[in-house]
Amino acid sequence: MVGAVFVATREVHVSRLQADHLYKVFGRRPDEAVRRLAAGADREELRAEGTTAAVVDAGFTVEPGQIFVVMGLSGSGKSTLLRMLNGLLEPTAGRVLFDGRDLTALSPRDLRTVRSTKISMVFQHFALFPHRNVLENAGYGLEVQGVPRAEREVRAAEALELCGLAGWEKSWPDELSGGMQQRVGLARALATDADLLLMDESFSALDPLIRRDMQDQLLVLQQRLKKTIVFITHDLNEAMRLGDRIAVMRDGRIVQLGTAEDILVRPADDYVASFIQDVDRSRVLTASAVMTGGATPVDCPADCACQAVGPDTLVADLCAVAARAPHPVTVEDSDGAVLGVVPTERLLAVMGGLGARNAEDADAKEVTVGA
Ligand SMILES: Nc1ncnc2c1ncn2[C@@H]1O[C@H](COP(=O)(O)OP(=O)(O)O)[C@@H](O)[C@H]1O
Ligand SMILES: [Mg+2]
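Residue numbers 1 to 371, in the UniProt record's numbering, belong to the letters of the sequence shown in order.
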């Protein structure tokens, strides 16, 4: 395979992305609005004066190789935040640090270079050029960078193969299904070899089955490529499937920042709690989140058919083991050391959503043991 040549010669490099007290205010007197917001002013108060606080004091770090998901309803400020991360929008206040460099302080020219070589965007509706074939579409970002045709074609073909589109290079966009077109968009972003991928509702327009398939594909690709990814969605299930960490946005502010498990087990407020009701907890929570730490495993006979599980076992799989076991399931680390035990009542309580809605709840505190 020709593509391998480029994989081998391009060095693998990953980047850290940081947002530091980021604000974006549209409308009148934005600086004054930032001062008032920082002092606790309400977004609605400003709205009444014709000022929109689209992003308010956003701060987070995306570690190299992580998928960071920004989740929130329409209008909560997700796209505005994303556009500040790649320098398309200038923050009203705050900084964006990429590889330790302050993007907001770069000259327009340096910013353009960073944007075209280090950052790739994938949108919800990926506009392919109808009169260019799939290979030319996938190589478009490289064309913009001035990469010579021969290298462009090899790298674009390699990216298409990564996205499951080998054999479609000579096809025209209108010969492809919506899901395949979206994969061409993803291939275009991957072909440039950017460290940072910014994905704005990239899968939101797809049918549920194709969407799930794309999520799986992204996770598989990410294991290989280890990009730094910011993925925007309004769907909490999608957020939880993809995100190493998730920021939940409401009215321009990040109201919770944590892992899928943090959000399910300890929602920051009633707003976040209202979202998690529809989430399939059995496919998010793991044995480590539901076990009772420090408990002694049952002393069972040598011929007992029971089976220990690892701490990362999904609760869905844990249930299947528990259903066959004659006693509570033991959780062990890879060296066989006992980490805890999962009493059946606890498994049922967690599946039923008990102890996860209210952090004051004694049960919720217990659920966090070992998490
Ligand atoms: N260029 C703009 N001028 C004025 N208001 C804007 C502009 N872009 C976005 N907004 C407002 O900022 C808020 C956040 O929008 P957006 O970031 O697009 O949210 P999301 O992507 O979460 O749907 C909305 O109230 C939107 O109307
Ligand atoms: Mg948006």
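Yeah, the Cβ is synthetic: ideal placement off N, Cα and C, and Gly gets one too.
Which of the three DSSP states is assigned to residue i in this structure?
| i | result |
| --- | --- |
| residue 114 | helix |
| residue 58 | strand |
| residue 101 | strand |
| residue 150 | helix |
| residue 15 | coil |
| residue 433 | The structure shown does not extend to residue 433, since the chain spans only 1 to 371, so no value can be given for it. |
| residue 257 | strand |
| residue 373 | Residue 373 lies beyond the stretch modelled for the chain, which goes from 1 to 371, so this question has no answer here. |
| residue 291 | coil |
| residue 51 | coil |
| residue 220 | helix |
| residue 267 | coil |
| residue 274 | helix |
| residue 298 | coil |
| residue 370 | The predicted position of residue 370 is uncertain, since its pLDDT is 35 and thus under 50; a value taken from the coordinates is nonetheless stated next. Three-state result, residue 370: coil. |
| residue 79 | helix |
| residue 344 | helix |
| residue 238 | helix |
| residue 94 | strand |
| residue 190 | helix |
| residue 20 | strand |
| residue 332 | strand |
| residue 282 | helix |
| residue 178 | helix |
| residue 206 | coil |
| residue 141 | helix |
| residue 165 | coil |
| residue 363 | With a pLDDT of 43 at residue 363, under the threshold of 50, the modelled position of that residue is not reliable, and the figure given next carries that caveat. Helix at residue 363. |
| residue 200 | strand |
| residue 185 | helix |
| residue 157 | helix |
| residue 247 | strand |
| residue 88 | coil |
| residue 37 | helix |
For residue i and residue j, I'd like the C-alpha separation in whole angstroms.
| i | j | result |
| --- | --- | --- |
| residue 235 | residue 249 | 12 Å |
| residue 316 | residue 310 | 13 Å |
| residue 26 | residue 73 | 19 Å |
| residue 133 | residue 170 | 6 Å |
| residue 393 | residue 128 | With the chain represented from 1 up to 371, any question about residue 393 goes unanswered, as that position is not in the structure. |
| residue 339 | residue 327 | 16 Å |
| residue 240 | residue 116 | 30 Å |
| residue 22 | residue 45 | 20 Å |
| residue 221 | residue 162 | 7 Å |
| residue 293 | residue 263 | 21 Å |
| residue 59 | residue 70 | 12 Å |
| residue 88 | residue 122 | 14 Å |
| residue 62 | residue 254 | 14 Å |
| residue 334 | residue 288 | 13 Å |
| residue 237 | residue 219 | 15 Å |
| residue 85 | residue 343 | 45 Å |
| residue 4 | residue 332 | Caution applies to residue 4, whose pLDDT of 43 falls short of 50 and renders its modelled position unreliable; the value that the coordinates give is listed next. Their backbone Cα atoms lie some 40 Å apart in a straight line. |
| residue 267 | residue 76 | 18 Å |
| residue 145 | residue 194 | 12 Å |
| residue 99 | residue 182 | 28 Å |
| residue 360 | residue 143 | Only weak support exists for where residue 360 lies, its pLDDT of 36 falling under 50; the coordinates are left without a value. |
| residue 227 | residue 196 | 6 Å |
| residue 97 | residue 189 | 21 Å |
| residue 31 | residue 247 | 25 Å |
Can you tell which of the options has its C-alpha closest to the C-alpha of residue i?
| i | options | result |
| --- | --- | --- |
| residue 296 | 54, 341, 305, 266 | 341 |
| residue 151 | 166, 164, 135 | 135 |
| residue 20 | 94, 312, 167, 41 | 94 |
| residue 244 | 172, 194, 253, 223 | 223 |
| residue 155 | 113, 187, 174 | 187 |
| residue 251 | 98, 56, 45 | 56 |
| residue 206 | 277, 180, 51, 195 | 180 |
| residue 202 | 141, 103, 110, 78 | 78 |
| residue 64 | 284, 42, 17, 331 | 17 |
| residue 213 | 33, 164, 227 | 164 |
| residue 15 | 336, 331, 312, 230 | 230 |
| residue 90 | 242, 288, 41, 104 | 104 |
| residue 131 | 332, 99, 175 | 175 |
| residue 92 | 29, 166, 258 | 29 |
| residue 210 | 196, 227, 257, 177 | 177 |
| residue 349 | 301, 324, 291, 312 | 291 |
| residue 160 | 147, 184, 97, 336 | 184 |
If residue i sits next to residue j, beta carbons under 8 Å apart, how far is it from one beta carbon to the other, in whole angstroms?
| i | j | result |
| --- | --- | --- |
| residue 261 | residue 286 | 7 Å |
| residue 139 | residue 153 | 6 Å |
| residue 82 | residue 270 | About 27 Å separates the two Cβ atoms, so there is no contact after all. |
| residue 274 | residue 351 | At roughly 19 Å, the Cβ-Cβ gap does not stay under 8 Å, so residue 274 and residue 351 are not in contact. |
| residue 329 | residue 314 | At roughly 13 Å, the Cβ-Cβ gap does not stay under 8 Å, so residue 329 and residue 314 are not in contact. |
| residue 242 | residue 119 | Going by Cβ atoms, the distance from residue 242 to residue 119 rounds to 19 Å, so no, they are not a contact pair. |
| residue 33 | residue 51 | 5 Å |
| residue 322 | residue 347 | 6 Å |
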